[in-house]
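Q:
There are 2 protein chains.
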Amino acid sequence: MALPSEKNYLSHIAFDSVIFGFSGQKLKILIMEYHNTGLYALPGGFVMHNEDLDLAVQRGLLERTGLDNIYLEQFHTFGNVERYKPEVMRNILQADGHAIDNDHWMLERFISVAYYALINSDKVETRPDQISDSLGWYNVEELPELILDHNTIVKTALKYLQLNLSIKPIGKNLLPNKFTMKELQQVHEAILGTPLRRTSFQRRMLGLDILERHEKRFNGKAHKAPYLYSFVE
Amino acid sequence: MALPSEKNYLSHIAFDSVIFGFSGQKLKILIMEYHNTGLYALPGGFVMHNEDLDLAVQRGLLERTGLDNIYLEQFHTFGNVERYKPEVMRNILQADGHAIDNDHWMLERFISVAYYALINSDKVETRPDQISDSLGWYNVEELPELILDHNTIVKTALKYLQLNLSIKPIGKNLLPNKFTMKELQQVHEAILGTPLRRTSFQRRMLGLDILERHEKRFNGKAHKAPYLYSFVE
DNA sequence: ACAAAAGTGTTACGGTTACACCCATGC
DNA sequence: GCATGGGTGTAACCGTAACACTTTTGT
């Protein structure tokens, strides 16, 4: 398969996406594994000459998850020199069967703009790209070692996600349209990493006036059926 | 004077700095004017091949303000295609007497990482660089029209500054070492754009336990002399 | 003494917490 | 009816707001 060509992309600029999903009461991240290398990385990509940065990231997500119209937030740009390790990229490309020159553009230094995405992981069919062979969900607390500074990028993403939790309807993008208060609480707990008090949480959420109550959800359990809620537009 | 050479800098990557200062009870920003063009812009620059992004911005500030060890915060990276207007850069360079080829690297598309800086404007001696002739302080609310998306960058910087006001000791970097409570309040008011209640503000600040009280400041006015405060380390 | 601005004591208010209690559901 | 978990009423608590009052300074 052909490598991305320098003619199509801006040199020295990359993006990386920390794609958050929520399932089984855990916060998860999509991680890529490169062919025959045992190397793990965040899904990323490059920006085309005539493409908005934000749209490049959207395109990358579409290619990887099949999802369009995803909630995306840019949070930091990583530009330290020490993140420049051309031998890592060389290994990845060679393990995939590409012969590359020493002055190949993908071996140059990149500054990477990092975004986090929030998706409802039920809807996703992950698709590895040309140079990766697997793409899978990992618990945020149990990530493998990632290449370059990608573990730092994840930590930073989580920090910004926590910051934004109080000012943006984060749960909206990680949950199905209708959800119970308990599910919303579990999302918040997974993001913050601390337990929250059930009754206070419920009242705080309802007090925001951004939730709408629907029918109850009868789930066959021997207890009161919880209401379903959705975010109002 | 020689233009920056492509050999020294990463292509397609720039930075812009929104340099905030405080004087005369107003929040101000350092704005550059290019030679013979009437064009105003944020001070910015390029990243050298072997230079951390953060350090490149520090270097830029040192060159422009003579100040070292400045408080800097990266807040957003601007990468829309519409910000690519090669004719603007061409005008600037030509007005400065440079003949440039159509494929000159400074005429290519740039993605710009934006930082804001907080400085105590008393200490600054501004120094125009090679291609600008003036560098001056402008009130945040009375900015001239800036090139490209620089007015948007300023608005965004202000938004992030407001956000950070409640979680970081912003005043520390905009004021001299010792200052009165009123001065600190004026900084907050200038950033937020709203008046604050004197007594509540004072108690809120003191309650943070990050202020130390020193001797009074006798200023010859016919009223009680205010205490001076400083931020504790 | 007076005006002006700084500092403080007291009470009120609003949002969150803590805890109790009630309600609905399937066994 | 009982165990289990969801929903709500009430009082306590805490930080800030509001307002009045005192203190300090130079004229």
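In order, the protein sequence lines correspond to chains E and R. Under numbering that gives the first Met the number 0, the first residue of the first sequence is numbered 0, with each subsequent residue one higher. Under numbering that gives the first Met the number 0, the first residue of the second sequence is numbered 0, with each subsequent residue one higher. Heads up, the beta-carbon is just placed ideally off N, CA and C, and yes, glycines get one too. A quick note: this is a predicted structure, and the numbers were derived from the prediction, not measured.
Excluding five sequence neighbours on each side, which residues of the same chain lie with their C-beta closer than 8 Å to the C-beta of R:L174?
A: Result list for R:L174: F21, N119, E182, L183 and V186, in chain order.
Q: Does the separation of the CB atoms of R:I28 and R:V112 fall below 9 Å?
A: The answer is no: Cβ separation not under 9 Å.
Q: Does E:H213 come out as helix, strand or coil in the three-state DSSP assignment?
A: Of the three classes helix, strand and coil, the one that applies to E:H213 here is strand, per DSSP.
Q: Under the three-state reduction of DSSP, which class applies to E:Y226: helix, strand or coil?
A: In the structure shown, E:Y226 sits in a strand (DSSP, three-state: E or B).
Q: Between which two residues does the alpha helix (DSSP H) carrying R:L54 extend?
A: Segment L52 to T64, the alpha helix (DSSP H) holding R:L54.
Q: To which residues of the same chain is R:N90 closer than 8 Å at the C-beta, ignoring the five residues directly before and after it?
A: Cβ neighbours of R:N90 beyond the five flanking positions: T36 and L38.
Q: Classify E:Y83 as helix, strand or coil using the three-state DSSP reduction.
A: E:Y83 falls in the coil class under three-state DSSP.
Q: Using the C-alpha atoms, what's the distance from E:I169 back to E:D67?
A: Looking at the two C-alpha atoms, the distance is approximately 18 Å.
Q: With DSSP collapsed to three states, give me the class of R:K154.
A: If DSSP states are grouped into helix, strand and coil, R:K154 belongs with the helices.
Q: Please report the straight-line C-alpha distance between E:L2 and E:A55, rounded to a whole angstrom.
A: Going by the C-alpha atoms only, they are around 17 Å apart.
Q: Please state if the CB of E:Y115 and the CB of E:I209 are separated by a distance shorter than 9 Å.
A: No, these two residues do not count as a Cβ contact at 9 Å.
Q: Does any C-beta atom of chain R lie closer than 9 Å to the C-beta of E:S4?
A: Not one chain R Cβ lies under 9 Å of E:S4.
Q: Is E:G206 helix, strand or coil by DSSP?
A: In the structure shown, E:G206 sits in a helix (DSSP, three-state: H, G or I).
Q: Would you call the region 211 to 225 of chain E and the region 72 to 85 of chain R in contact, with 3 or more CB pairs under 8 Å?
A: Counting Cβ pairs under 8 Å, fewer than three are found: no touch.
Q: Whose C-alpha, out of R:G192, R:P143, R:I146 and R:G135, is nearest the C-alpha of R:Q161?
A: Nearest option by C-alpha distance: R:G192.
Q: Rounded to whole angstroms, what is the Cα-Cα separation between E:R235 and E:S229?
A: For residue 235 of chain E there is no data in the structure shown, the boundaries of chain E being 0 and 232.
Q: Just tell me which of R:P143, R:L61 and R:Q24 has its CA closest to the CA of R:V123.
A: Answer by Cα proximity: R:L61.
Q: Could you tell me the alpha carbon to alpha carbon distance between E:A40 and E:N176, rounded to whole angstroms?
A: About 30 Å.
Q: Below 8 Å, how does it come out for the region 41 to 51 of chain E and the region 142 to 161 of chain E: are there three or more Cβ pairs, yes or no?
A: Yes: at least three Cβ pairs fall under 8 Å.
Q: So is E:A55 in contact with chain R if we call contact Cβ pairs under 9 Å?
A: Chain R contact via Cβ: present.
Q: Given a cut-off of 9 Å on the beta-carbon distance, is the pair R:Y159 and R:L117 in contact?
A: Their beta carbons are not under 9 Å apart, which means R:Y159 does not touch R:L117 by this criterion.
Q: R:T76 touches chain E at which residues, Cβ-Cβ below 8 Å?
A: Within chain E, the residues near R:T76 are L52, Q73, T76 and V112.
Q: Given E:L234, which residues of its chain have a CB within under 6 Å of its CB, disregarding the five upstream and five downstream residues?
A: This structure leaves residue 234 of chain E out entirely; chain E is present only between 0 and 232.
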